[in-house]
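S.K.: Quick one: the structure is below, questions incoming.
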Amino acid sequence: MKSKELLHTVLYFAAFALILFLLRQFVFTPVVVKGHSMDPTLADGERVIALKNTEIKRYDIVTFPAPDEPKKSYIKRVIGLPGDSIEYKDDALYINGKETKEPYLDEFKSELTDGMPFTFDFTLKEVTGKDKVPAGEYFVMGDNRRNSKDGRMIGFINEKDISGDVKFVLWPFNRFGTLSKVEQ
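Residues in the sequence shown are numbered consecutively from 1, following the UniProt record's numbering.
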C-alpha cells in the first residue's frame, strides 16, 4: 500500500515538473532587469515574466540577446515596426512623419531640471543608415533615453532574436501585477 502511494506521489511530482519545464521552454521565461535603461518603467533588480511566441506590437517591452555582448540580454521598448520611419525632433517622437505620444516617459521628463532634451534629435537614417525599419526587424529604445544602449547604438533587432514580450512583474511585491498595470 505504501509503495503504491509513494509511486503516485513521485508520478504526480514528475508530471508537475514536466509541465513546468514545458511551460518554461515554450510559453514564458523569467527575466531579471539589470541596469537603469528602462527606468522608471522597470527598475534594476526587478523580476519580470516575458511571454514567448507573442505578436510584437509597438511599445511592447521585449527581451533579446545583446548583439554586442555575448551571454547578456537586453530589455527595451519596441518603438519602430517593420516599414516605419522614425525621427526624434525637439524631444518628440515622429513615426512615419506623425508625432506620437509616449505617456510612459511623462514621469521621467517632468523630473528634468537641466534644460536638456530627454531624447536628443536623430533620424533612423542617421543612427542605422536606413530610412525605414527593415522587414522582420524592430527598432528598440530604453525608456531612460539618456542612459540606454539601444537601437541608436546597436541597430535593429531581428524578430527571431526576441526571447519574450514582458507582460508581468513578479518582484518586488509592491509592483506585482501586469506590466500595463505597473506602467499606469
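All residues carry an ideal CB built from backbone N, CA and C; glycine is no exception.
Under 7 Å Cβ to Cβ from K130, same chain only, skipping five residues before and after it: list those, please.
M.R.: For this step, residue 130 is matched to residue 130 along the sequence shown. Closer than 7 Å at Cβ, skipping near neighbours: L124.
S.K.: At which residue ranges does the stretch 93-118 contain complete beta strand (DSSP E) runs of 3 or more residues, listed in the order of the chain?
M.R.: Counting only runs of 3 or more, we get 98-100.
S.K.: Where do the N-terminal and C-terminal ends of the alpha helix (DSSP H) with I154 fall, by residue?
M.R.: Locating residue 154 in the sequence shown gives position 154, counting from the first residue. I154 -> alpha helix (DSSP H) spans 151-154.
S.K.: Drop a sphere of 10 angstroms on the beta-carbon of L105, count the other beta-carbons inside from all chains shown, and report buried for 16 or more, exposed for fewer.
M.R.: Your numbering for residue 105 matches position 105 in the sequence shown. So L105 ends up on the buried side.
S.K.: Can you name the start and end residues of the alpha helix (DSSP H) that T128 belongs to?
M.R.: The residue given as residue 128 occupies position 128 in the sequence shown. Where T128 is concerned, the enclosing alpha helix (DSSP H) stretches over 124-128.
S.K.: Who are N158's beta bridge partners in DSSP?
M.R.: Start at 1 with the first residue of the sequence shown, and residue 158 comes out as number 158. DSSP, once it has assigned bridges, lists E137 as partnering N158.
S.K.: Distance, Cα to Cα, R175 vs G80?
M.R.: Taking the sequence shown and counting its residues from 1, the one referred to as residue 175 is at position 175. Taking the sequence shown and counting its residues from 1, the one referred to as residue 80 is at position 80. Whole-angstrom Cα-Cα distance: 28 Å.
S.K.: For F173, report the span of its beta strand (DSSP E) as first-last.
M.R.: As a first step, residue 173 is located in the sequence shown; it is residue number 173 there, counting from the start. First-last for F173: undefined, no H or E at that position.
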